[in-house]
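Enquirer: As they're listed, the protein sequences go chains H and B. Residues in the first sequence are numbered from 1 upward in steps of one, following our numbering. Residues in the second sequence are numbered from 1 upward in steps of one, following our numbering. We put the beta carbon where it would ideally sit given N, CA and C, even for glycine. Have a look at this one before I ask anything.
There are 2 protein chains.
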Amino acid sequence: MDKLFQALASAPRREILDIVRDAPGCSVTHVCRYFDVSRIAVMKHLAVLEEARLLVSEKQGRTRRLYFNATPIQMIYERWTTEFSAMWAGRLTEFKRRVEGDKT
Amino acid sequence: MDKLFQALASAPRREILDIVRDAPGCSVTHVCRYFDVSRIAVMKHLAVLEEARLLVSEKQGRTRRLYFNATPIQMIYERWTTEFSAMWAGRLTEFKRRVEGDKT
DNA sequence: TCAATAGGTAACCTATTAGTTACCTATGAA
DNA sequence: TTCATAGGTAACTAATAGGTTACCTATTGA
């Protein structure tokens with residue numbers, strides 16, 4: 001979970017996700033065209049995204065094909081809605097407690 | 001957005017959110033009881049969470065009262081579902097393209 | 001009033017992150 | 001076959017994150 005949020009906590013990396021999502025099977029070089037930093041820097045971002053399972057890749061000849069993987073996002077999405085519900089449940093409990101005049 | 005994801009990319013910080021959500025208006029010291037690290041370390045986590053607007057605080061006497069703020073989470077939630085839809089839309093487009101025999 | 005309590009600031013240390021350059025490997029096309 | 005291309009590895013640097021201790025300020029209650 002840490003790695004997932006960590007991977008998403010970077011605008012360039014979120015941009016890479018958009019790029020790969022919109023060009024499934026694209027190469028590393030393709031992604032590099034969108035950035036001013038070195039290829040190595042981009043590859044490090046790719047590694048972070050792959051560790052978070054947000055990208056998967058397969059080697060085809062001398063090029064590495066990149067694919068976006070929505071699964072961890074689905075996980076976050078589901079976990080998130082649950083957490084979100086719990087948060088509001090917590091707030092409602094607090095509200096109820098206050099309304100009923102309980103002491104803090 | 002970076003600060004928000006960054007703030008969430010740490011298990012202790014997510015735990016702090018849970019603690020404050022479940023004890024609205026609690027003190028810094030209260031939060032510290034749940035962790036083995038120094039109070040200063042906890043306060044730094046609190047600062048990160050406040051920068052991400054996930055916590056708000058008010059000073060009352062010599063104690064600082066902490067409150068969970070769901071607003072940024074709602075923002076993520078909404079942005080996220082949108083992004084999520086877009087991702088699936090992207091995948092569907094790709095699928096359609098393949099089915100229709102278009103070239104890569 | 002004065003000591004205990006709650007919190008804040010400063011200075012420092014270490015590990016991680018994000019970038020760089022230099023160099024290496026493997027594939028594919030002329 | 002050989003050279004341009006796509007990618008990978010290593011070693012280094014600068015900035016940031018996350019922790020520490022020491023010390024300071026302000027409130028509150030006995």
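#1: With a threshold of 8 Å between beta-carbons, can B/Ser-57 be considered close to chain H, or not?
#2: Between the Cα of H/Thr-63 and those of H/Leu-4, H/Asp-18, H/Ala-23 and H/Thr-29, spot the shortest distance and give me the residue it belongs to.
#3: Note down, in chain order, each residue of its chain lying with its Cβ closer than 6 Å to the Cβ of H/Lys-3, except the 5 sequence neighbours on either side.
#4: Going by other Cβ atoms of all chains shown within 10 Å of its Cβ, with 16 needed for buried, is H/Arg-98 buried or exposed?
#5: In chain order, what residues of the same chain have a beta carbon less than 6 Å from the beta carbon of H/Gly-25, not counting five sequence neighbours either side?
#6: Starting from B/Phe-105, trace the beta strand (DSSP E) in both directions and tell me its first and last residue.
#7: I'd like to know if the region 2 to 18 of chain B and the region 29 to 48 of chain B are in contact, where contact means that at least 3 CB-CB pairs between them fall below 8 Å.
#8: For a cutoff of 8 Å on Cβ pairs, would you count H/Phe-5 as touching chain B?
#9: How would you label B/Pro-12, buried or exposed, when you count the other beta carbons within 10 angstroms and need 16 or more for buried?
#10: For chain H, find out if any of its Cβ atoms is closer than 8 Å to the Cβ of B/Ser-27; answer yes or no.
#11: Give the residues from the region 16 to 48 of chain H that approach chain B closer than 7 Å (Cβ to any Cβ), ordered along the chain.
#12: Does any residue of chain H bring its CB to less than 8 Å from the CB of B/Ala-11?
#13: With a threshold of 16 other CB atoms inside 10 Å of the CB of B/Val-37, please say whether the residue is buried or exposed.
#14: Give me, in chain order, the residues of the same chain whose beta-carbon lies closer than 8 Å to that of H/Ala-7; leave out the 5 immediate sequence neighbours on both sides.
#15: What are the partner residues of H/Gln-60, as DSSP defines its beta bridges?
#16: Run down chain B in chain order and give the residues with a C-beta less than 7 Å from the C-beta of H/Leu-8.
#17: According to the neighbour-count rule (16 or more other Cβ atoms, all chains shown, within 10 Å of its Cβ), is B/Gly-101 buried or exposed?
#18: Please classify H/Leu-55: does DSSP put it in a helix, a strand, or coil?
Expert: By the coordinates alone:
#1: With 8 Å as the cut-off, B/Ser-57 does not count as an interface residue toward chain H.
#2: Considering only alpha carbons, the answer is H/Thr-29.
#3: Correct list, in chain order: Glu-51 and Ala-52.
#4: Unreliable positioning characterises H/Arg-98 in this predicted model, as indicated by a pLDDT of 49, which lies under 50. The coordinate reading is nonetheless provided below. It counts as exposed.
#5: So the qualifying residues of the chain are Arg-65.
#6: The structure shown does not extend to residue 105 of chain B, since chain B is modelled only from 1 through 104, so no value can be given for it.
#7: At 8 Å Cβ cutoff, the stretches touch.
#8: Taking a beta-carbon distance threshold of 8 Å, H/Phe-5 counts as an interface residue toward chain B.
#9: Around the CB of B/Pro-12, fewer than 16 other CB atoms lie within 10 Å, so the residue is classed as exposed.
#10: So, not an interface residue.
#11: Taking 7 Å as the Cβ-Cβ cut-off against chain B, the residues of the region 16 to 48 of chain H that qualify are Arg-21, Asp-22, Pro-24 and Gly-25.
#12: Taking Cβ atoms only, chain H reaches closer than 8 Å to B/Ala-11, which makes this a yes.
#13: B/Val-37 sits exposed, since fewer than 16 C-beta atoms from the chains shown fall within 10 Å of its C-beta.
#14: For H/Ala-7, where only same-chain residues beyond five positions count, the Cβ hits under 8 Å are Arg-13, Val-48, Leu-49, Glu-51, Ala-52 and Leu-54.
#15: The partner list for H/Gln-60 (beta bridge, DSSP) reads H/Thr-63.
#16: Within chain B, the residues near H/Leu-8 are Phe-5.
#17: In this predicted model, B/Gly-101 has a pLDDT of only 48, less than 50, meaning its place in the structure is not dependable; the value taken from the coordinates is given anyway. So B/Gly-101 ends up on the exposed side.
#18: In the structure shown, H/Leu-55 adopts extended strand secondary structure according to DSSP, grouped into three states.
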